[in-house]
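Since the structure comes first, as structure tokens, the remarks are kept for the end.
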Amino acid sequence: MNPSAAEHPAVVFRLGHMGDVALATGVLSHWFERTGRTFVVVTREANLPLLANHPAVAGTIGLTGADLTDAGWWRRTGELARQYAGSTLIDLHGTLRSRILALRWKGEVRRYPKFGLARRLFERTRSDRFRVKLEALNVPQRYALALDRHAPEREAVLPRLFLTEDETHAAERRLSPISCDRPRVALHPYATHPAKQWPAENWIRLAALLDAEGVNWFVVGRNETPLTSGHERDLTNATDLRATCGLLARADLLVTGDSGPMHLACGVGTPVVALFGPTARAWGFYPAGEKDVVLERDLPCRPCSLHGARKCARGFECMTETTPETVLGAVLDTIRTFPA
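In structure tokens, the structure reads:
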């Protein structure tokens with residue numbers, strides 16, 4: 618690495634969904650704590666709130682839909698290359714867009730090992746040879762190799778989100794009327810792709826089981842149809858991204874599928890019970906916190922896709938065969954590990 622590079626921020630490029638950017642926040646912290654280096658992060662406008670107050674982030678650039686059209690991206694890459702000439706570009710995306718940006722960049726370009734070929738071969742063959750390679754490093758560890766010679770431990774690159782005291786107090790005020798006693802379990806019943814979504818009736822059954830055990834619960838997330846429309850504990854669509862992070866920080870546990878909020882919870886130090894179906898550990902997105910639990914079915918068809926976007930001929934049994942009682946057991950087992 619050029620010694621003069623530490624004198625001004627490197628530029629980190631990562632688009633994707635909020636979970637992808639949340640996974641990068643721990644890597645930024647790791648680099649900052651190890652070297653003192655800071656970063657300008659280029660991402661979609663919707664992801665910018667995740668980077669607020671981050672000590673490693675010297676600046677952000679939010680991209681709009683117009684920026685990401687073919688003509689818009691050619692214009693924007695030229696602007697970025699001129700504005701940050703001499704800075705290092707760290708490509709944490711590895712797509713055609715980032716390749717175009719790198720082609721026009723006037724400085725060093727660093728990339729992470731995406732293991733794209735190994736992923737495709739594992740998806741086709743289910744070979745242990747590729748599974749072992751992919752499971753050895755999760756996505757944040759792979760990100761870290763853009764600058765690090767050796768991958769850090771998983772605990773060193775867990776997501777890191779930085780809430781203000783006002784945000785934490787606002788979340789506590791929001792929850793106090795509906796869930797004042799502990800423990801509190803947040804439920805996130807939504808998913809970008811239907812294949813990754815546990816059936817709504819299972820979520821409703823789980824809420825009833827939590828009630829019977831005297832465990833407080835509340836719902837977070839965004840969806841066209843709330844899980845329990847009108848219920849005082851259903852906060853679907855009621856909070857923005859930062860406020861949702863605040864609610865997760867005041868929860869003792871989150872139950873979710875393979876989703877962005879799974880990584881948000883990790884970023885504020887809240888353990889998760891995660892339900893995985895069409896996706897799997899090899900893709901690198903498993904939660905890695907000390908108390909995190911993954912519930913999944915060992916089926917020969919898993920994983921069936923990278924993001925769970927494909928249709929299923931087996932009735933989504935990878936998700937539907939995990940019962941509310943099983944999830945309740947995992948929740949109670951995790952709660953028992955908490956200090957009295």
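This note's numbering applies: residue 618 is where the sequence shown begins, and numbers increase by one.
Note that beta-carbon positions come from the ideal geometry of N, C-alpha and C, so glycine has one too.
* **M618 in three-state terms, based on DSSP** => Residue confidence for M618 is low, a pLDDT of 41 falling below 50, so the modelled location carries little weight and cannot support an answer.
* Asked: With burial defined as no fewer than 16 other Cβ atoms inside 10 Å of the residue's Cβ, what is the status of F709: buried or exposed?
  -> The sequence shown places Leu at residue 709, not Phe. Classification for L709: buried.
* Asked: Excluding sequence positions up to five away, which residues of its chain have a Cβ less than 6 Å from the Cβ of G676?
  -> The beta carbon of G676 is closer than 6 Å to those of V657 in its chain, skipping five residues each way along the sequence.
* Measure the Cβ-Cβ separation of G877 and M635 and say whether it is below 9 Å. => The answer is yes: Cβ separation under 9 Å.
* Asked: So is M618 buried or exposed if we call it buried at 16+ other beta carbons inside 10 Å?
  -> Only weak support is given to the placement of M618: the predicted model assigns it a pLDDT of 41, under 50, and the value that follows is read from those uncertain coordinates. Flag for M618 reads exposed.
* Considering only the beta carbon of each residue, do H647 and A753 sit closer than 9 Å? -> Not a contact, by the Cβ cut-off of 9 Å.
* Asked: Under a three-way DSSP split, which group does G831 fall into?
  -> When secondary structure is reduced to three states using DSSP, G831 falls in the coil class, being assigned neither helix nor strand.
* Asked: Which residues share a DSSP beta bridge with F656?
  -> For F656, which the question treats as bridged, DSSP gives the partners A627, V674.
* C-alpha distance - P730 paired with V629, whole-angstrom precision -> For the pair P730 and V629, the Cα-to-Cα distance works out to about 15 Å.
* Determine the closest residue to Q700 out of L949, D798, H625, H848, with distance taken between C-alpha atoms. => Here the closest residue by C-alpha is H625.
* Is it right to say N833 is buried, meaning 16 or more other beta carbons lie within 10 angstroms of its own, or is it exposed? -> Per the 10 Å Cβ criterion, buried.
* Considering only C-alpha positions, which residue in the set E662, A698, N670 is nearest to L645? -> Nearest option by C-alpha distance: N670.
* Taking I795 as part of the beta strand (DSSP E), name the residues at either end of that continuous run. => Counting along the chain, I795 falls outside any beta strand (DSSP E), and DSSP gives it neither H nor E.
* With 16 other CB atoms within 10 Å as the buried threshold, where does P800 fall? -> Counting every other CB atom within 10 Å of its CB across the protein chains shown gives P800 a total of 16 or more, marking it as buried.
* In chain order, each beta strand (DSSP E) run of at least 3 residues that lies wholly inside the segment 683 to 728 -> Within the segment 683 to 728, the beta strand (DSSP E) runs of at least 3 residues that lie entirely inside it are, in chain order, 706 to 708, 726 to 728.
* Asked: Considering only the beta carbon of each residue, do R850 and I795 sit closer than 9 Å?
  -> A distance below 9 Å separates the beta carbons of R850 and I795.
* Straight-line CA distance for T939 to G695? -> One C-alpha to the other measures close to 50 Å.
* Residue span of the beta strand (DSSP E) that contains R801, given as start and end -> Element bounds for R801: 801 to 805.
* Asked: For G874 versus Q814, is the C-beta spacing smaller than 9 Å?
  -> Yes, they are a contact pair.
* Sequence-distant residues of its chain with Cβ nearer than 8 Å to T943 (five each side left out) -> L912.
* To do: Could you check what DSSP says for D637 in three-state terms: helix, strand or coil?
  => DSSP, reduced to helix, strand and coil, places D637 within a helical segment of the structure shown.
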